[in-house]
Every structure is written in structure tokens, then in C-alpha cells.
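Positions in the sequence shown are counted from 1; adding 64 to them yields the working numbering. Beta carbons: idealized from backbone N, C-alpha and C, even for Gly. Here the structure is a predicted model, which means the values were calculated and not measured. Let me begin by presenting the structure, written as C-alpha cells, before commenting on it.
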Amino acid sequence: MSEMPAPRPSLANEAAHWHALQRQGGVTPEQQRQFMKWLVTSPAHLREYITVSRVASELSDALRGMAVDLDALIAAGPPPADHNVVALPVRRRPPPPAASRAPRRHLPGIAAAAALLLGVVFVGHMAWPQTRHYVAEHGAPQRFTLPDHTVVYLNAESELSIRFTLLSRRVELSRGQASFVVAEERRPFAVHAAGLEVRDIGTTFDVSLRREQARIEVAEGSVQIRGDSGQGRLLADLRAGQSAYIDYRDQTVSLRQQHADTMTAWWRRRVVFQDEPLREVAEQFNRLNRVRLQVDDDVAGALRLTGNLRGDDLASLRTFLDQQPSLRTRVVDKQIHVSSRAAAETSAKQQ
65 MSEMPAPRPS LANEAAHWHA LQRQGGVTPE QQRQFMKWLV TSPAHLREYI TVSRVASELS
125 DALRGMAVDL DALIAAGPPP ADHNVVALPV RRRPPPPAAS RAPRRHLPGI AAAAALLLGV
185 VFVGHMAWPQ TRHYVAEHGA PQRFTLPDHT VVYLNAESEL SIRFTLLSRR VELSRGQASF
245 VVAEERRPFA VHAAGLEVRD IGTTFDVSLR REQARIEVAE GSVQIRGDSG QGRLLADLRA
305 GQSAYIDYRD QTVSLRQQHA DTMTAWWRRR VVFQDEPLRE VAEQFNRLNR VRLQVDDDVA
365 GALRLTGNLR GDDLASLRTF LDQQPSLRTR VVDKQIHVSS RAAAETSAKQ Q
């Protein structure tokens, strides 16, 4: 019968290194991530870590049972002989039964610890990562709770995915708008959207992907925004009541102050806009309604407006637009067309 090859010294050293770190405490999240990665790389790693843990436990028990009083030992010896020769006491062997049975006392505990550690690693490896995909269709905003108890408000015509691991919580917003009331825990929470990373620092915040820029708003707490999907420079460090508009092309940042109630008004199907171009306002209404608001020319689309309207109240929307001196509206084929008065007059003359 061939013998099992002994583990390579480097593997034993690695296991001892990780065991020492775990015993010392104060392991950083990055060290814990590296430890878990090392532990599940191979069954040999798990076996060696269990072996190191067992040896350390048995050695600790043995040392606790070997307390020796050296002063008493010396005092009990015979008086010195001639020529300064000290007669050493005869060394007696301990009774064999005690030595042979001591390790066995720990075998059930060691086996239980090994089974528990193996179970934790196996369950963790099988259960993680957690992935989900969420879609809110036209006219149907959603509210739901993630596995970590974070509450998400997903606007109509929006889509996101999540990937939660033992050490991180990652959200990908691929289109539309979403707000997050983040559950507090040790794992960092980050939203990735349009090449940006929005990292939560215990907060309620909103991410909206617009036509030419991303808008990030903070209702409570704070967030940090970085470019290049989190690998780039820090673009903004937002606090409650602040919003950042970040251009897709060059990631230039424009900061604004905004009331928290305004940021979360869309949760109640209200469309609130503050100094925003008409084309962006139209997109917010069009997410919620079958009757669409069609902007017919660039001059009208660039007009900046401020208002607070119900998302499903198109009559009030049309009245609001007609009150703007430079705009004109008309209904064609169940659509509300809005144009600048100059463009409307030119079109009328050509007809």
C-alpha cells in the first residue's frame, strides 16, 4: 500500500500563516477575502488548515498541562557533592496510559470543528454569489427588497442586476433610474452605471441614466463617485441634499443643491424638475404614460423648466407647457406635440 505524500512545506506554512492571522484577530476585509479564496482553491488547503488548527489546539492543551516549578525542583535535589558536581535527579517516564489517551480526548471536538468548517466553506461556496435581475416595464415602477434588506425603487423602463458575494454587494444599473435605501452591514454596497461607480457610505441615494449624463442624488448619508467603473479618480463626494450631473463623454461634474423630498418625489409618481431641459422632462412623463409627449424641435427641447406635476396628469402638463411664452402644444394621433413658437410659425407659413 502506497503512503499518502506529505503536503509541501509551503502549503503548511501558508496554512500556519492564515491560522495565526485568524487567531490574532483584526483581520481586514481584504485579508479575509484572500483567506477565503485560498481556502476554497483546493481540498488540500482545507485539510492543511484543519491540521494546523488541530495541532495548535493540542499543543496549547499540552503546554497548559506541563507547568513546572523549577525552583521547587532544584530545592528538592540532593546537596552538592565534592568538586562542585551536582547530582541530577533521575528522570522518570510518565505513565503510558495518560500519554496515549490525552490526544483522543480532543478527537470528537476536532472532528466536529472540521465538519463545521467544511460545512461553512461548502455552503458558502454553493450559496454565493447571489445574483438577481430586475426589470420595470413601461408605466410600471417597482419597489422591492434585495437579499440584504436594501430597499430599491426601480422607475418604469428601467433595469438592474445584482451580484452579492461574501465580501461585497454590487449592483449594475443598465438603463433608467433607481433609488436605494441601503441596509447597513459590513459588506460595501456599490452601484455601477455608465462607467461610474457610486459607493454607498450608509445612505439613501438615487442614480438616473439620462440622455447625455448620469445624475446621482443623495437624500441621506453620503456617497463617493469614481470613474472607470471604480478604478478611476474620485469625481464627487456627495452629502445629503447634493446632486451630481456627470457628462458621459468627458465625465465633467456639475454639483447642485436639492431638497430630499424633491429627490424622492418620483416614488409617489410625481415628476419634479428643477432647471431641466424640456427633452429630459418629456422622457420622465413618457415612462409613465401611453400618450407620449413629443418634442418637435431642438429649441423647444433645450428650454429649461422648473415644475412639480403628477406623472399621470397630462392635462396639467399641457396647461403648464402652454403657459410658457416660447412654447406651443397640439395633439396629433394621440400624442402631445410641443414646439417652439418660432418653429411652429415657420411651419404654418410653409403650409
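Neighbourhood of residue i by C-beta, 7 Å cutoff - its chain only, sequence neighbours within 5 removed
i, result
"A258", "L273, A278 and Y312"
"H382", "The identity of residue 382 in the sequence shown is Arg, whereas the question assumes His. Same-chain partners within the cutoff: T393 and I400."
"Q321", "G305 and Q306"
"P71", "With a pLDDT of only 46 at P71, under the threshold of 50, the placement of this residue in the model should not be trusted; the figure read from the coordinates follows. So the list reads A108 and E112, once near-sequence residues are dropped."
C-beta atoms of residue i and residue j nearer than 8 Å
i, j, result
"L10", "V402", "The displayed coordinates of the chain run from 65 to 415. Any statement about residue 10 would go beyond what the structure contains."
"E284", "A304", "yes"
"S222", "G203", "no"
"V336", "K398", "no"
"T268", "F244", "yes"
"D465", "S286", "Only positions 65 to 415 of the chain appear in the structure, and residue 465 is not among them; the question remains open."
"L298", "Q306", "no"
"R251", "S232", "yes"
"S49", "D361", "Residue 49 is absent from the structure shown; the chain starts at 65 and stops at 415."
"V359", "R343", "yes"
"T195", "A247", "no"
CA-to-CA distance, residue j to residue i, given in whole angstroms
i, j, result
"P193", "D292", "23 Å"
"V363", "R392", "12 Å"
"A220", "E236", "16 Å"
"R275", "Q348", "11 Å"
"N353", "A308", "27 Å"
"G365", "M327", "22 Å"
"R290", "L260", "6 Å"
"R332", "D212", "24 Å"
"S238", "T92", "32 Å"
"Q96", "I226", "22 Å"
Identified DSSP bridge partners for residue i
i, result
"S106", "The partner list for S106 (beta bridge, DSSP) is empty, contrary to what the question assumes."
"H401", "Q358 and R394"
"V336", "N372"
"T195", "R227"
"E236", "S225 and H256"
"A79", "In the DSSP output, where bridge partners are listed per residue, A79 has none listed."
"D311", "Q277"
Sequence-distant residues of its chain with Cβ nearer than 6 Å to residue i (five each side left out)
i, result
"F208", "V216"
"N372", "V336"
"V329", "Here residue 329 is Ala; the residue named in the question, Val, does not match the sequence. Around A329: V336."
"S380", "L373"
Original post:
Taking the runs of the alpha helix (DSSP H) that are 4 residues or longer, which of them lie wholly in the stretch 247-306?
Top reply: none
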